[in-house]
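Q: Sharing a structure below in C-alpha cells format, with a few things to ask.
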Amino acid sequence: DIQMTQSPSFLSATVGDRVTINCKASQNINKYLNWYQQKLGEAPKRLIYNTNSLQTGIPSRFSGSGSGTDYTLTISSLQPEDVATYFCLQHNSGPGTFGAGTKLELK
Amino acid sequence: EVQILETGGGLVKPGGSLRLSCATSGFNFNDYFMNWVRQAPGKGLEWVAQIRNKNYNYATYYAESLEGRVTISRDDSKSSVYLQVSSLRAEDTAIYYCTRRVGMDAWGQGASVTV
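Taken in sequence, the protein lines are chains A and B. For the first sequence, our numbering assigns the number 27 to the initial residue and increments by one for each residue that follows. For the second sequence, our numbering assigns the number 10 to the initial residue and increments by one for each residue that follows.
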C-alpha cells in the first residue's frame, strides 16, 4: 500500500499569513491527490482534487500543487475561519490512503 | 443536492456487532463506488471498506486491519450502502463516515460507534 507522510503535524500562523502543508507519497501517485478540511465536530470537506482542481464553492485562497510523490496545499492569506485540521488523500492506487493530518491554529 | 446520512451507531459491548446504514439522495447512486471511512477520537482518517457498482460486479475491498470482521453491501433500489461490523473491540470506537467515489468527494456527517 502507498504510505502518505504529511507535514507539519501542527501549524500556528497569523491572519494574513501564507500557509503551506505538504504530503509525500511513498511512490508516484500521478497527481491523484486530494485535500480536505475538517473543522471541529464536522465531517471532512474536500477542498482540492487531483492536485490542483478547486472544489466548487471553495475560496480561491486555497490552491494545490505537486507531482510525482510531493504535493502541497497553500492558503495564500490565512483567515480566521480556516482554523481546522487538513488531510491529504491519495487515490491513485488501492483503496486510498490518508495523511495523518495537520492541525492549523491561529497564533 | 447530494445528501448522505449515516445511521445505526451507538454503544455496543465488546464482542458485539453493529450494522451501519448510509442513505443517499441527490445523485444516481447506481453509478458510484461507495466507501466507509472511520476516525477514532482525536485521530486521523482510516479507510475501512469499498463497494463498487454493478459494472464492476459489486466488488468489495476491505482494510487489512478489519478484514474478516466487516462486510460492506449495497441496495441500489434504496440508494443505500451498509457496513456490518462484528467482534467489536474498544479500538473500533470511532465515527464512521460514508463517502462517495474513490476520490471521496461527498461525505455524510458520520455515525458514532462506541465499544
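Note that beta-carbon positions come from the ideal geometry of N, C-alpha and C, so glycine has one too.
Quick check on Ala69(A) - is its C-beta less than 7 Å from some C-beta in chain B?
A: Mapped onto the first sequence, residue 69(A) falls at position 43. So yes, Ala69(A) belongs to the interface.
Q: In its own chain, which residues sit with a C-beta less than 7 Å from the C-beta of Gly42(A), not counting the 5 before and 5 after it?
A: Along the first sequence, read from residue 1 onward, the residue named residue 42(A) stands at position 16. Hits under 7 Å: Ser103, Leu104.
Q: What whole-angstrom Cβ distance do Gly51(B) and Val122(B) have, given they're in contact under 8 Å?
A: Here residue 51(B) corresponds to residue number 42 of the second sequence, with the count starting at 1. Here residue 122(B) corresponds to residue number 113 of the second sequence, with the count starting at 1. So it is not a contact: roughly 15 Å between Cβ atoms.
Q: Express the C-alpha separation of Trp116(B) and Leu14(B) in angstroms, rounding to a whole number.
A: Along the second sequence, read from residue 1 onward, the residue named residue 14(B) stands at position 5. Along the second sequence, read from residue 1 onward, the residue named residue 116(B) stands at position 107. Answer to the nearest angstrom: the Cα atoms are 9 Å apart.
Q: Closer than 7 Å, Cβ to any Cβ of chain B: which residues of the stretch 89-120 of chain A, in chain order?
A: Phe113, Leu115, His117
Q: For the beta strand (DSSP E) that Lys71(A) lies in, which residues bound it at each end?
A: Position 45 of the first sequence, counted from the start, is the residue given in the question as residue 71(A). Start and end: 71-75.
Q: What residues of chain B sit near Ala126(A), judged by a beta carbon separation below 8 Å?
A: Residue mapping note: residue 126(A) aligns to position 100 of the first sequence, counting from 1. Neighbours of Ala126(A) on chain B, chain order: Gly53.
Q: Looking at the structure shown, is Ala99(B) part of a helix, part of a strand, or coil, going by DSSP?
A: For this step, residue 99(B) is matched to residue 90 along the second sequence. Helix at Ala99(B).
Q: What residues from the stretch 101-115 of chain B come within 7 Å of chain A, judged by C-beta to C-beta, listed N to C?
A: Going along the stretch 101-115 of chain B in chain order, one finds Tyr106, Val111, Gly112, Met113, Asp114 with a Cβ nearer than 7 Å to chain A.
Q: Since Tyr105(B) and Leu29(B) are thought to touch, with beta carbons under 8 Å apart, how far apart are those beta carbons, to the nearest angstrom?
A: The sequence position of residue 105(B) within the second sequence is 96, counting from 1. The sequence position of residue 29(B) within the second sequence is 20, counting from 1. That pair is a contact at about 6 Å.
Q: Within 10 angstroms of its Cβ, does Ser88(B) collect 16 or more other Cβ (buried), or is it exposed?
A: As a first step, residue 88(B) is located in the second sequence; it is residue number 79 there, counting from the start. So Ser88(B) counts as buried.
Q: In chain B, which residues lie with their C-beta within 9 Å of the C-beta of Asn78(A)?
A: Position 52 of the first sequence holds residue 78(A). Ordered by position in chain B, no residue passes the 9 Å Cβ test against Asn78(A), which lies about 14 Å from the chain.
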